[in-house]
């Protein structure tokens, strides 16, 4: 489990649940982009206080294996790379490239200082550190791997290992002389592959399945159902048999994920498959033994029984009591301010062609591109080299369509533009790709020219940055003009409040899943915490709200919702559920 996906107030409880399932070690990714959000600016507070998480693990009798990257994959935004890397001249990620190695060195030096006293040689719980991450699935540059290994050795005390898929090409590309080679995925395939293909004695040691997948990833799509194992006899039997087989051979495994947690805010990544962006959901529940809210599932108890067969009786503690989740009655959300009215008075950039998000110094959120039409033109609109990732098209303030790269063949949007019309393109970054060759180039917004009808290039663009790192000040202004809600109108912020039921506190008892039954697509903030995205297509239909983020007693909890596709005559309401919803629905923006 990854500390940056879990509220710090719950770290101890999650670790106790790991210990009570019979685990003895926590494997954790570290997200570089959260720690260095802008170049040279370091944040080791809150969710980024990895050293505190490691110390808490030790207090609970657990060891730790660090997976610091710089590249981690993990269905996290750009595999953990900060977006500003793309603006460094000559940058080439995951290669023996000086700009990349220099930036990586700075990060690893800072992280190494932060974790200096946590290694087992100094009385801490950190057993070993992972070199890169499944590099054999990406490349075979041994000079790069050696440079990364040298950086890790200079900044982290202890043992290094590599983790790759269980096949010859993966092991050939990702292993390195002098570094323990391990595999992930199917354990029988992986262990046999290492036995067959890794012959260098300096790379051999105990067998470890570095990522044993109980199930798989959820992505936003009408056609992507929730992935789970609990309650599915065939899938459960496979998992239990595999783990029993590993332990019977005196080998080791790391369950990916034991507890997935949450891709807070805009932190999710994406995977490029079949010519479409598989944008990972806000929930990183992963069908894990410990669900997103920290509650044990059926397979948690079944895995605990398997582990119990292989350890001395009485060494696994009892499972701690976790209170049930709470329900919140329906409460109204009132329109507060239109998104476009929160933009700055002046554009961030004015240029002949649109500029990508990263050139605005922006990592996440939206960019609004605006063009005033100088000559009539009509036809299908093409936003640069393709949508990066979801482009909402407005003409004179009215939405005329959406170009969305979560579809392999996005439906074309045609416009009929007259002189003087205002064309607006609101582009949403749905998550930079975190795996595969496509992560070499991950810019968002619009890259290239905007054309209409195939050959008419629209020149003269204003770009407005809407990262939503902080909520707009207008939301706190009681004198802000309340927007009219129109079908096909611009996105709108709604706001409302609720109080926790009597006897429920701002702790695990206050946990709930926020549902927006009339919402289409958008984001939710509770007391300033950006929970993440919602989208009617599913499979996720409610957002995890930690009680630790709430106020107890009669103090109101403030909810802000950005609805991208408000509908006239539709009341926006929210409610808290004790049992989360998973479902898929048609995409309303696909005819």
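Numbering (our numbering), first residue to last: 1 to 591.
Each residue gets a CB set at the ideal place from its N, CA and C atoms; glycine is no exception.
* Return helix, strand or coil for residue 452, following the three-state DSSP convention. => strand
* Can you give me the Cβ contacts of residue 437 inside the same chain, cut-off strictly under 8 Å, excluding the 5 residues immediately before and after it? => 138
* List in chain order: all unbroken beta strand (DSSP E) runs of 3+ residues lying wholly within the stretch 46 to 80. => 63 to 67
* **Nearest-angstrom beta carbon gap, residue 209 and residue 190 [assumed within contact, 8 Å]** => 6 Å
* Just confirm the distance between the C-beta atoms of residue 45 and residue 82, as a whole number of angstroms; I'd bet it's less than 8 Å. => Not quite, the Cβ-Cβ distance comes to about 17 Å (not below 8 Å), so this is no contact.
* **Where the beta strand (DSSP E) through residue 390 begins and ends** => 390 to 395
* Apart from the five residues just before and just after residue 342, which ones in its own chain have a Cβ nearer than 6 Å to its Cβ? -> 472, 474
* By Cβ distance below 6 Å, which residues in the same chain neighbour residue 459 in space, the five residues on each side in sequence not counted? -> 352
* Please determine if the stretch 566 to 575 and the stretch 517 to 525 are in contact, where contact requires at least 3 C-beta pairs separated by less than 8 Å. => yes
* Asked: Which full runs of the alpha helix (DSSP H) of 4+ residues lie inside the stretch 196 to 270, going along the chain?
  -> 233 to 248
* To do: Compare the beta carbon distance of residue 592 and residue 21 with 9 Å and say whether it is the shorter of the two.
  => Residue 592 cannot be examined here, being either before or after the span of the chain that is shown, 1 to 591.
* **Range of the contiguous beta strand (DSSP E) that encloses residue 370** => 366 to 372
* Asked: By how many angstroms is the C-alpha of residue 173 removed from the C-alpha of residue 354?
  -> 39 Å
* Asked: Roughly how many angstroms separate the alpha carbons of residue 348 and residue 25, rounded to a whole number?
  -> 47 Å
* Just grab the DSSP bridge partners of residue 159 for me. => 128
* Asked: Mind pulling the alpha helix (DSSP H) runs of 4 or more residues that sit fully within the stretch 272 to 360?
  -> 298 to 308
* To do: Using 8 Å as the cut-off, classify the Cβ of residue 139 as near or not near the heavy atoms of the ligand SAM, replying yes or no.
  => Looking for the ligand SAM in the displayed structure turns up nothing, as the structure carries no ligands at all.
* Reference residue 311, options 251, 94, 382, closest by Cα -> 251
* Taking the CB atoms as reference points, tell me whether residue 549 and residue 526 lie closer together than 9 Å. => yes
* Residue range of the beta strand (DSSP E) that includes residue 535 -> 529 to 535
* **Start-to-end residues for the beta strand (DSSP E) that takes in residue 380** => 377 to 383
* Straight-line gap, residue 171 to residue 271 (C-alpha atoms, nearest Å) -> 22 Å
* **Residues bridged to residue 44 [DSSP beta-bridge criterion]** => DSSP, once it has assigned bridges, lists no residue as partnering residue 44.
* To do: Measure from the alpha carbon of residue 249 to the alpha carbon of each residue in 112, 241, 274, then state which is nearest.
  => 241
* Give every residue of the same chain whose Cβ lies closer than 6 Å to the Cβ of residue 370, excluding the five residues on either side of it in the sequence, and list them in chain order. => 424, 462
* Environment of residue 2 [buried if 16+ CB atoms lie within 10 Å] -> buried
* **Bridge partner(s) assigned by DSSP for residue 180** => 161
* **Sequence-distant residues of the same chain with beta carbon closer than 6 Å to residue 205, five excluded per side** => 180
* To do: Compute the beta-carbon to beta-carbon distance between residue 448 and residue 414, rounded to the nearest angstrom, for a pair I have assumed lies under 8 Å.
  => No, residue 448 and residue 414 are not in contact; Cβ-Cβ is about 19 Å, not under 8 Å.
* Taking residue 317 and residue 19 to be in contact with their CB atoms under 8 Å, please state how far apart those CB atoms are, rounded to whole angstroms. => 6 Å
* To do: Go ahead and label residue 123 buried or exposed: buried means 16 or more other beta carbons lie within 10 angstroms of its beta carbon, across all protein chains shown.
  => exposed
* **Closest by C-alpha distance to residue 331, when choosing among 297, 261, 575, 28** => 575
* Asked: Thinking C-beta only, is residue 56 closer than 9 Å to residue 15?
  -> yes
* Whose C-beta lies closer than 7 Å to the C-beta of residue 337 among residues of the same chain, with five residues either side of it excluded? -> 472, 474, 475, 480, 483, 493
* **Cβ neighbour criterion (16 or more within 10 Å) applied to residue 155** => buried
* Go ahead and label residue 422 buried or exposed: buried means 16 or more other beta carbons lie within 10 angstroms of its beta carbon, across all protein chains shown. => exposed
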